[in-house]
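Take any residue in the sequence shown, count from 1 to its spot, add 15: that is its number in this note's numbering. Built from N, CA and C at the ideal position, the CB exists for glycine as well. As structure tokens, the structure follows; a few thoughts come after it.
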Amino acid sequence: MGGLWWWVQATSAREIVERIAEVEVVTDADSWERAAAWNLPEVDLDAPDLPPGLGELRQQRDQQRRQPGFGALVGRSLVHLRCESQDEPDVICYWEVSADGRRLREVEIRGDSPGVRYTPDDWVFNTPVVDLYDPQAAAWEIDPEEFEAQWRCAGLNDDLAFGME
Numbered sequence: 016m017g018g019l020w021w022w023v024q025a026t027s028a029r030e031i032v033e034r035i036a037e038v039e040v041v042t043d044a045d046s047w048e049r050a051a052a053w054n055l056p057e058v059d060l061d062a063p064d065l066p067p068g069l070g071e072l073r074q075q076r077d078q079q080r081r082q083p084g085f086g087a088l089v090g091r092s093l094v095h096l097r098c099e100s101q102d103e104p105d106v107i108c109y110w111e112v113s114a115d116g117r118r119l120r121e122v123e124i125r126g127d128s129p130g131v132r133y134t135p136d137d138w139v140f141n142t143p144v145v146d147l148y149d150p151q152a153a154a155w156e157i158d159p160e161e162f163e164a165q166w167r168c169a170g171l172n173d174d175l176a177f178g179m180e
């Protein structure tokens with residue numbers, strides 16, 4: 016998920032995430048106050064033409080809406096996923112994510128190596144890693160037991176553990 020910002024006029028935060036793919040809606044007052052000084056463009060969600068980036072994400076969501084599994088993971092407090100890396104072959108990630116798509120726990124397996132555990136303390140930023148409306152994400156869903164089995168078998172991140180000594 017990227018880092019483009021707009022003030023979006025809509026009836027609710029939920030309407031924005033239902034109509035725009037890969038978006039995080041910021042609703043806390045402190046963030047709004049900071050963003051007020053950024054001179055962000057203001058857009059109406061119902062406008063026929065949206066700015067570059069946002070328009071493509073609306074089209075992406077329109078395409079997703081027609082696919083089986085659209086929104087299947089929305090509304091759950093915890094979701095467990097198994098995802099093969101798009102950037103690195105032989106890397107499999109097991110994620111436990113919250114209702115907003117942020118990782119709570121992760122196991123990363125590289126090739127034949129044992130898995131490595133990660134928690135929010137291991138990440139400088141913990142932005143959403145998955146759009147829970149995306150039908151592809153629904154295909155990644157696994158049982159909590161499968162995630163827990165990987166978690167039990169995985170070790171701590173040695174680099175992080177070494178740095179703490």
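Nearest to residue i (by Cα), restricted to the options the options
i    : options                  : result
G126 : A114, V144, E99 and D115 : E99
R117 : W21, T26 and V38         : V38
E156 : D136, C108 and R167      : C108
D61  : W53, T26, V41 and R49    : T26
Nearest-angstrom Cα separation, counted from residue j out to residue i
i    : j    : result
I124 : P63  : 44 angstroms
D149 : F85  : 6 angstroms
C168 : A51  : 46 angstroms
G68  : L19  : 8 angstroms
E121 : T142 : 14 angstroms
L72  : A36  : 5 angstroms
Residues bridged to residue i [DSSP beta-bridge criterion]
i    : result
S113 : L93
V131 : E123 and G170
D59  : Q24
Inter-residue CB distance, residue i and residue j (contact presumed, cutoff 8 angstroms)
i   : j    : result
R80 : A114 : Going by Cβ atoms, the distance from R80 to A114 rounds to 20 angstroms, so no, they are not a contact pair.
D77 : Q24  : The Cβ separation is near 19 angstroms, so there is no contact.
Cβ-heavy atom distance, residue i to the ligand FAD, below 8 angstroms
i   : result
A44 : Absence of the ligand FAD from the depicted structure is noted, as is the absence of any ligand whatsoever, leaving it without description.
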